[in-house]
Amino acid sequence: MTGRPVVLERRGAVARIVLDRPDRRNALGRDTLPALHAVLDEVERDTAIGAVIVTGRGPVFCAGGDVDEIMSTEPTDREQEFEMIRGYNRVVWRLHHLDPPVLAAVNGPAAGGGAALAMACDIAIAAERARYDFVFGRIGLASADMGCTYLLPRLIGRVRASHLVLTGGSVSAREGLALGLFAEVVADDRLEATALSVAERIAAGSRRANVISKLALRRAEHVEFGTDLEYEAYLQSFAFRTEEHKRRLGAFRAARRRPKP
């Protein structure tokens with residue numbers, strides 16, 4: 000624990016955003032909000048970053064909103080609470096739209112908004128002890144938190160999402176793998192290394208090509224097939240004209256011509 004609620008670490012071209020409140024189960028409190036936005040500002044400015052990992056310190060990914068800290072019962076604080084919720088919603092939106100691919104390394108339980116943070120990422124890899132909890136309805140709060148009702152149905156379908164949200168359900172790592180919430184599930188002590196390996200493979204590729212691919216994937220969620228094909232053609236024709244494509248294609252051809260040992 001560093002004393003800061005969020006820490007930005009660098010491993011070459013890979014950035015790691017670490018929720019660092021293990022004593023509070025990495026819950027999202029008042030100080031966490033500006034810290035997350037500051038870290039995202041830094042990531043957005045640094046064009047040398049080719050991939051981003053989001054994870055939590057300790058055995059919990061994120062317990063969602065710190066209810067004891069941010070949910071005041073004073074009527075005069077309602078507008079402040081509303082602005083804080085909107086601020087966290089903005090964090091999810093920014094994660095979802097970052098240029099470099101974002102990988103969630105879900106190191107443990109993720110509840111409510113914590114699950115939304117992970118689902119907003121492009122790829123999620125889970126430790127065996129990980130799970131997603133949508134249990135806030137049990138204490139009179141909406142499990143519709145920080146984009147859960149937008150992201151979850153798009154990942155697993157409306158019926159399954161409704162069942163989880165309305166029953167206050169949980170999804171284990173293995174269940175999440177079967178549902179498509181996780182790309183991979185690994186032993187708890189292998190998560191960091193596995194996530195870093197995947198992120199390094201992504202970062203070793205073309206940053207511009209990855210950004211273009213993300214744009215196409217995100218846009219395809221909202222348009223019909225023919226419109227998507229036209230957009231893909233536009234993006235690919237742009238990529239064909241870049242100097243990076245010519246350089247990488249030349250290196251690829253040279254490697255193919257090289258005699259094998």
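Residues in the sequence shown are numbered consecutively from 0, following numbering that gives the first Met the number 0.
Just so you know, even glycine gets a beta-carbon here, dropped at the ideal spot from N, CA and C.
Query                                                                                                                      : Result
Cβ distance (whole Å) where ASP121 is taken to contact PRO100 below 8 Å                                                    : 5 Å
Secondary structure of PRO58, DSSP reduced to three states                                                                 : coil
For LEU35 and ASP132, the rounded distance between their alpha carbons                                                     : 22 Å
Contact set for ILE155: own chain, Cβ-Cβ below 7 Å, skip 5 residues either direction                                       : LEU178, GLY179 and LEU180
Cut-off 8 Å between Cβ atoms - residues of its own chain near GLU231, not counting five sequence neighbours on either side : ALA215
Whole runs of the alpha helix (DSSP H) within the region 113-187, excluding any shorter than 4 residues                    : 147-155, 157-166 and 172-178
Validate contact between the region 146-164 and the region 101-117 using beta carbons, cut 8 Å, 3 pairs                    : yes
Coarse secondary structure for PRO33, derived from DSSP in three states                                                    : helix
Close-in-space but distant-in-sequence residues of the same chain around LEU163 (CB under 6 Å, 5 per side omitted)         : PHE133
Nearest neighbour of GLU174, chosen from GLY167, VAL184, LEU165 and GLU243 [CA to CA]                                      : VAL184
For ALA336, the three-state DSSP class (helix, strand or coil)                                                             : Because the chain in this structure spans residues 0 to 260, residue 336 falls outside the shown range and cannot be described.
Buried versus exposed call for PRO108 [16 or more other C-beta atoms within 10 Å across all chains shown]                  : buried
Cβ-based neighbour list, GLY111, same chain, cut-off 6 Å, excluding 5 preceding and 5 following                            : GLY63, PHE135 and ASP144
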